[in-house]
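Asker:
Number of protein chains: 2
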Amino acid sequence: MQVTIKDIAKKTGVSYATVSRALNGRSGVKEDTRELILEVARKMGYQPNAIARGLVLKHTHTLALVIPDITNPFFPEIARGVEDAASLLGYSVFLCNTNWEANKEKLYLKTLQEKRVDGIILHPSHDVQDNHFLDFQVPVVLLNKIPNVVEYSSIEVDNVMGGFIATKHLIEAGYKKIAFIGGSENSPSNAERKEGYKLALRKYKLPIDESLILSGKFNSESGYHNLKKLIYSGNTPDAVFGGNDVIALGVLHCAQEHGLRIPEDFGIIGFDDIPYASLPQIQLTTIEQPKYQMGRHAIELLMRAIKEEKADEVKRIILEPKLKARKTTREVPNNKAIKY
Amino acid sequence: MQVTIKDIAKKTGVSYATVSRALNGRSGVKEDTRELILEVARKMGYQPNAIARGLVLKHTHTLALVIPDITNPFFPEIARGVEDAASLLGYSVFLCNTNWEANKEKLYLKTLQEKRVDGIILHPSHDVQDNHFLDFQVPVVLLNKIPNVVEYSSIEVDNVMGGFIATKHLIEAGYKKIAFIGGSENSPSNAERKEGYKLALRKYKLPIDESLILSGKFNSESGYHNLKKLIYSGNTPDAVFGGNDVIALGVLHCAQEHGLRIPEDFGIIGFDDIPYASLPQIQLTTIEQPKYQMGRHAIELLMRAIKEEKADEVKRIILEPKLKARKTTREVPNNKAIKY
DNA sequence: TTGAAAGCGCTAACAA
DNA sequence: TTGTTAGCGCTTTCAA
Chain W
1 MQVTIKDIAK KTGVSYATVS RALNGRSGVK EDTRELILEV ARKMGYQPNA IARGLVLKHT
61 HTLALVIPDI TNPFFPEIAR GVEDAASLLG YSVFLCNTNW EANKEKLYLK TLQEKRVDGI
121 ILHPSHDVQD NHFLDFQVPV VLLNKIPNVV EYSSIEVDNV MGGFIATKHL IEAGYKKIAF
181 IGGSENSPSN AERKEGYKLA LRKYKLPIDE SLILSGKFNS ESGYHNLKKL IYSGNTPDAV
241 FGGNDVIALG VLHCAQEHGL RIPEDFGIIG FDDIPYASLP QIQLTTIEQP KYQMGRHAIE
301 LLMRAIKEEK ADEVKRIILE PKLKARKTTR EVPNNKAIKY
Chain U
1001 MQVTIKDIAK KTGVSYATVS RALNGRSGVK EDTRELILEV ARKMGYQPNA IARGLVLKHT
1061 HTLALVIPDI TNPFFPEIAR GVEDAASLLG YSVFLCNTNW EANKEKLYLK TLQEKRVDGI
1121 ILHPSHDVQD NHFLDFQVPV VLLNKIPNVV EYSSIEVDNV MGGFIATKHL IEAGYKKIAF
1181 IGGSENSPSN AERKEGYKLA LRKYKLPIDE SLILSGKFNS ESGYHNLKKL IYSGNTPDAV
1241 FGGNDVIALG VLHCAQEHGL RIPEDFGIIG FDDIPYASLP QIQLTTIEQP KYQMGRHAIE
1301 LLMRAIKEEK ADEVKRIILE PKLKARKTTR EVPNNKAIKY
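So the protein lines, in turn, are chains W and U. According to our numbering, the first sequence is numbered sequentially starting from 1. According to our numbering, the second sequence is numbered sequentially starting from 1001.
1. Would Ala1166 (chain U) pass as a contact of Ile1269 (chain U) if the rule is Cβ separation under 8 Å?
2. Based on the DSSP output, what are the partners of Lys1322 (chain U) in its beta bridges?
3. Pick out whichever of W:Asn186, W:Lys10, W:Gly223 and W:Ala17 has its Cα sitting closest to the Cα of Ala179 (chain W).
4. In whole angstroms, give me the CA-to-CA distance for Ser1233 (chain U) and Leu1065 (chain U).
5. Hey, out of U:Gly1295, U:Val1314, U:Leu1063 and U:Thr1033, whose CA is closest to Ser1015 (chain U)'s CA?
6. Is Ala85 (chain W) closer than 8 Å to Ile299 (chain W) when the C-beta atoms are compared?
7. Under 9 Å Cβ-Cβ, which residues of chain W neighbour Glu1077 (chain U)?
8. By the three-class DSSP mapping on this structure, what secondary structure does Val140 (chain W) have?
9. Just to confirm the assignment: which complete alpha helix (DSSP H) runs, minimum length 4, are found wholly within the stretch 1231-1310 of chain U?
10. Going along the chain, which unbroken runs of the beta strand (DSSP E) with 3 or more residues stay wholly within the stretch 29-115 of chain W?
11. When you compare the CB of Val19 (chain W) with every CB in chain U, is at least one pair closer than 8 Å?
12. Which value, in whole angstroms, describes the spacing of the CA atoms of Glu1156 (chain U) and Asn1190 (chain U)?
13. Using three-state DSSP, classify Ser15 (chain W) as helix, strand or coil.
14. Quick check: is the beta carbon of His123 (chain W) nearer than 8 Å to any beta carbon in chain U?
15. Report the residue from U:Arg1193, U:Phe1164, U:Ala1079 and U:Ser1184 whose alpha carbon sits nearest the alpha carbon of Leu1143 (chain U).
16. Which of helix, strand or coil does DSSP assign to Leu122 (chain W)?
17. Going by DSSP in three states, Ala1179 (chain U) sits in which element: helix, strand or coil?
18. Give every residue of the same chain whose Cβ lies closer than 6 Å to the Cβ of Ser153 (chain W), excluding the five residues on either side of it in the sequence, and list them in chain order.
19. Measure the beta-carbon distance from Ser983 (chain U) to Pro1068 (chain U) and round it to whole angstroms, keeping in mind my assumption that it falls under 8 Å.
20. Is the Cβ of Val1141 (chain U) closer than 8 Å to any Cβ of chain W?
21. For the stretch 183-225 of chain W, list the beta strand (DSSP E) runs that are entirely contained and at least 3 residues long, ordered along the chain.
22. Just mark Ala1017 (chain U) as buried or exposed, buried being the case when its beta carbon has 16 or more other beta carbons within 10 Å.
23. Could you tell me the alpha carbon to alpha carbon distance between Gln240 (chain W) and Asn334 (chain W), rounded to whole angstroms?
24. Could you compute how far the alpha carbon of Pro1207 (chain U) sits from the alpha carbon of Asn1226 (chain U)?
25. Which residues does DSSP pair with Ser153 (chain W) in a beta bridge?
26. Check the Cβ of Gln1047 (chain U) against every Cβ in chain W and list those closer than 7 Å, keeping chain order.
27. Could one say the Cβ of Tyr276 (chain W) lies closer than 8 Å to chain U's Cβ atoms, at least one of them?
28. Tell me, please, whether the stretch 1158-1177 of chain U touches the stretch 1186-1201 of chain U by the rule of three or more beta-carbon pairs shorter than 8 Å.
29. Using only the alpha-carbon positions, how far apart do Gln293 (chain W) and Glu320 (chain W) sit?
30. Give, in chain order, every residue of the stretch 251-265 of chain W whose Cβ lies closer than 9 Å to some Cβ of chain U.
31. Pairing CB atoms from the stretch 103-110 of chain W with CB atoms from the stretch 277-294 of chain W, are three or more of them under 8 Å?
32. How close, in whole Å, do the beta carbons of Arg1330 (chain U) and Ala1173 (chain U) come, if the pair is a contact with beta carbons under 8 Å?
33. Less than 8 Å separating the beta-carbons of Phe75 (chain W) and Phe1094 (chain U)?
34. Taking 8 Å as the threshold (C-beta atoms), are Gly183 (chain W) and Lys228 (chain W) in contact?
35. Is the shortest distance between the beta-carbon of Ser92 (chain W) and the beta-carbons of chain U less than 8 Å?
36. Answer yes or no: do Tyr175 (chain W) and Asp245 (chain W) have a C-beta to C-beta separation smaller than 8 Å?
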């Protein structure tokens, strides 16, 4: 059996209230008694029971990170950022994989509330339209925007800016026929990246050709097949902006298989900067999302909500995406750089 | 404020013991009352308090996965296996990154005990010699062997077999001068893989050349530099068995940079089969560890320890590693395959 | 400086 | 079938 403060009280001959005070470093305990208690506690191998404490204090120093899939290369760094920041503040964090299933997400959210987590960081599954987490007691911060949901703090990256920068880079590098091969149609971030793409084309007076704008899934097969489709329909672009890195990797694979010379005749840019992208054998040009920082910021936001009783204060942190020019796009000649 | 069983009791006019019974589906509640209670609970938005329940039941339905770094491509799949299996059984899991630091590991283990997790899955940092988790109340299963520690269940892959298979594959493919570029000297799994390597050389009558056996760190820089060292000392091998995939990737990079033709003149095999390895642009031949399964099995073992009060029963599950022949090694001609 | 006692929300004996 | 009550391990008033 675990030793409790009562055991310590018995051993030391004081009341267990005093033991509690001593153990928690509260004032109003004679130095002698405190030392005695601490000593005895140590000797008996006392481990405070966080459950009991949580029951009375009404907080658990426990958080949760609810994401679609830790196996998706986009998430581990976020998770690490979350966990590092949380542990620094004395919080533990539950990891929950929803597997992109709204039902699983719903179930987790319920369980987590029952476990009385102090806060939740949530990357919702795209397809969640019913916002089942809207009647929440627990503070939550979102890891991406949900259309029409404004009641939560969130940390986001500026996807339209990212899409713009990506496309601009392609244009500056001299590519002329630039396709957008995106992911799911009803992903808000996908839509925003596409918007950035169109913005850039428009700004630099390139035609917007709808036949060059494809969508599919956020996996490499989708990227692969969409480029293939373009090639076989005789509509081969000379550059592709992929909706994310995984798609771009599929595009890269397809382009290589079809003997397209990269980056000379064919440019590819992705989005996210997942770890794969920087492998020497890949060297994918991409738009970086500051994943680790996103995790940290999410914790910051969550702490505001938890600590300051400002559950109502909604704050959005919008992070800037950055271009990582690598080897799947031509270098931009200095003199050709478009003024921005 | 959250609604409690007392609130429900008041509303329905029964005692709160009855409410508890009804809510937990315990027998001995008239069907009418049960329905009433359930109905009222639903209406009031009752959320059972798992903390309070945990306090009396003395379990929390909470587990922890303590690993060095979720950002390391070896771990996400394990984590997924753990989480999937755990959630199926109604458990939540804490994710803890020790960052390879024994101190952090120690701290987490302490916290987790205080939080009264029901069990822990631990991948210890290599360099932990003092086994600070030895005085544990909580069931733990280990994700790799620790020398001289036999008191815990563990799930392991047979590293010497893996090393043997890897080397055998290289030999069968016709490589003659096979180097082993490993990771940390004091990593047990590294030592075992090296042992398998030597075993294979011996068995197939190839000389064991200590100048071809290098160690370093478990990162790609280490692999890169160790091969470079070999090359510049005029001791270039015609194949390398990397202590893990990340090392092998570094080796691959170096080999490519130095114009070695892969796999014709130079073969590379790794260990782990991390996701990178199967990218079309990489196609690294490697020894697969069944990571997802390891996670699931770990949960199995943990459940035995938790449920059956067999905390003392120590069980090891030893998984078989498998060869994944891809493009960084020559194909093994059928007739040349060595009988095993 | 210390102790007695209530109570956090719940489960489970024991009685009725 | 239902209610009463003790108690899980702890914190925190209130009194002494």
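Glycine included, C-beta positions come from ideal geometry on N, C-alpha and C.
Answerer: To lay it out plainly:
1. As a first step, residue 1166 (chain U) is located in the second sequence; it is residue number 166 there, counting from the start. As a first step, residue 1269 (chain U) is located in the second sequence; it is residue number 269 there, counting from the start. In this structure, Ile1269 (chain U) lies closer than 8 Å to Ala1166 (chain U) by Cβ.
2. Position 322 of the second sequence, counted from the first residue, corresponds to residue 1322 (chain U). For Lys1322 (chain U), the pairing in a beta bridge is given by DSSP as U:Glu1288.
3. If you number the first sequence from 1, residue 179 (chain W) lands on position 179. In terms of Cα proximity to Ala179 (chain W), the closest of W:Asn186, W:Lys10, W:Gly223 and W:Ala17 is W:Gly223.
4. For the purposes of this step, residue 1233 (chain U) is taken as residue 233 along the second sequence, with counting starting at 1. For the purposes of this step, residue 1065 (chain U) is taken as residue 65 along the second sequence, with counting starting at 1. Inter-residue distance for Ser1233 (chain U) and Leu1065 (chain U) is about 44 Å (C-alpha atoms, whole angstroms).
5. One-based indexing of the second sequence puts residue 1015 (chain U) at position 15. Ranking the options by Cα distance to Ser1015 (chain U), first place goes to U:Thr1033.
6. In the first sequence, residue 299 (chain W) corresponds to position 299, counting from 1. In the first sequence, residue 85 (chain W) corresponds to position 85, counting from 1. The answer is yes: Cβ separation under 8 Å.
7. For this step, residue 1077 (chain U) is matched to residue 77 along the second sequence. Those within 9 Å of Glu1077 (chain U) in chain W are Ile70 and Thr71.
8. Position 140 of the first sequence, counted from the first residue, corresponds to residue 140 (chain W). Strand.
9. The qualifying runs are 1245-1257 and 1291-1307.
10. If we require 3 residues or more, the beta strand (DSSP E) runs fully inside the stretch 29-115 of chain W come out as 62-67 and 92-97.
11. To locate residue 19 (chain W), count along the first sequence from 1; it is residue 19. Output row for Val19 (chain W): interface = no.
12. Locating residue 1156 (chain U) in the second sequence gives position 156, where the first residue counts as 1. Locating residue 1190 (chain U) in the second sequence gives position 190, where the first residue counts as 1. Their Cα atoms are separated by approximately 13 Å.
13. As a working note, residue 15 (chain W) is residue 15 in the first sequence. In the structure shown, Ser15 (chain W) sits in coil (DSSP, three-state: anything other than H, G, I, E or B).
14. Start at 1 with the first residue of the first sequence, and residue 123 (chain W) comes out as number 123. With 8 Å as the cut-off, His123 (chain W) does not count as an interface residue toward chain U.
15. In the second sequence, counting from the first residue as 1, residue 1143 (chain U) sits at position 143. Nearest C-alpha to Leu1143 (chain U): U:Ala1079.
16. Taking the first residue of the first sequence as 1, we reach residue 122 (chain W) at position 122. Three-state DSSP puts Leu122 (chain W) in a strand.
17. Taking the second sequence and counting its residues from 1, one reaches residue 1179 (chain U) at position 179. Reduced to three states, the DSSP call for Ala1179 (chain U) is strand.
18. Within the first sequence, residue 153 (chain W) is the residue found at index 153, counting from 1. If we look at Ser153 (chain W) and ignore the five residues flanking it on each side, its Cβ neighbours are Val141, Leu301, Val314 and Lys315.
19. Given that chain U is displayed from residue 1001 to residue 1340, the structure contains no residue 983 (chain U) and the question cannot be resolved.
20. For the purposes of this step, residue 1141 (chain U) is taken as residue 141 along the second sequence, with counting starting at 1. Taking a beta-carbon distance threshold of 8 Å, Val1141 (chain U) does not count as an interface residue toward chain W.
21. Runs of the beta strand (DSSP E) spanning 3 or more residues and lying entirely within the stretch 183-225 of chain W do not occur at all.
22. Numbered from 1 along the second sequence, position 17 holds the residue referred to as residue 1017 (chain U). Looking at its Cβ environment, which holds fewer than 16 other Cβ atoms inside 10 Å, Ala1017 (chain U) is exposed.
23. For the purposes of this step, residue 240 (chain W) is taken as residue 240 along the first sequence, with counting starting at 1. For the purposes of this step, residue 334 (chain W) is taken as residue 334 along the first sequence, with counting starting at 1. What sits at residue 240 (chain W) in the sequence shown is Val, not Gln. The C-alpha of Val240 (chain W) lies about 22 Å from the C-alpha of Asn334 (chain W).
24. On the second sequence, residue 1207 (chain U) is found 207 positions in, with the first residue counted as 1. On the second sequence, residue 1226 (chain U) is found 226 positions in, with the first residue counted as 1. So the two alpha carbons sit approximately 20 Å from each other.
25. To locate residue 153 (chain W), count along the first sequence from 1; it is residue 153. Ser153 (chain W) pairs with W:Val141.
26. Counting from 1 along the second sequence, the entry for residue 1047 (chain U) is found at position 47. Per Cβ cutoff of 7 Å: Gln113 and Glu114.
27. Residue mapping note: residue 276 (chain W) aligns to position 276 of the first sequence, counting from 1. Yes, contact with chain U.
28. Flag = yes, the stretch 1158-1177 of chain U and the stretch 1186-1201 of chain U touch.
29. Along the first sequence, one-based indexing puts residue 293 (chain W) at 293. Along the first sequence, one-based indexing puts residue 320 (chain W) at 320. Taking the straight line from one Cα to the other gives about 11 Å.
30. So the close ones are Leu252, His253, Gln256 and Glu257.
31. In this structure the stretch 103-110 of chain W does not touch the stretch 277-294 of chain W; the number of beta carbon pairs closer than 8 Å is below three.
32. Sequence index remark: in the second sequence, residue 1330 (chain U) carries index 330 (1-based). Sequence index remark: in the second sequence, residue 1173 (chain U) carries index 173 (1-based). Rounded to the nearest angstrom, the Cβ distance from Arg1330 (chain U) to Ala1173 (chain U) is 4 Å, consistent with a contact under 8 Å.
33. Within the first sequence, residue 75 (chain W) is the residue found at index 75, counting from 1. Within the second sequence, residue 1094 (chain U) is the residue found at index 94, counting from 1. It is not a contact, given that the beta carbons lie outside the stated cut-off.
34. Stepping through the first sequence from its first residue, residue 228 (chain W) is reached at position 228. Stepping through the first sequence from its first residue, residue 183 (chain W) is reached at position 183. The beta carbons of Lys228 (chain W) and Gly183 (chain W) sit no closer together than 8 Å.
35. In the first sequence, counting from the first residue as 1, residue 92 (chain W) sits at position 92. It does; some Cβ of chain U falls within 8 Å.
36. Mapped onto the first sequence, residue 175 (chain W) falls at position 175. Mapped onto the first sequence, residue 245 (chain W) falls at position 245. The answer is no: Cβ separation not under 8 Å.
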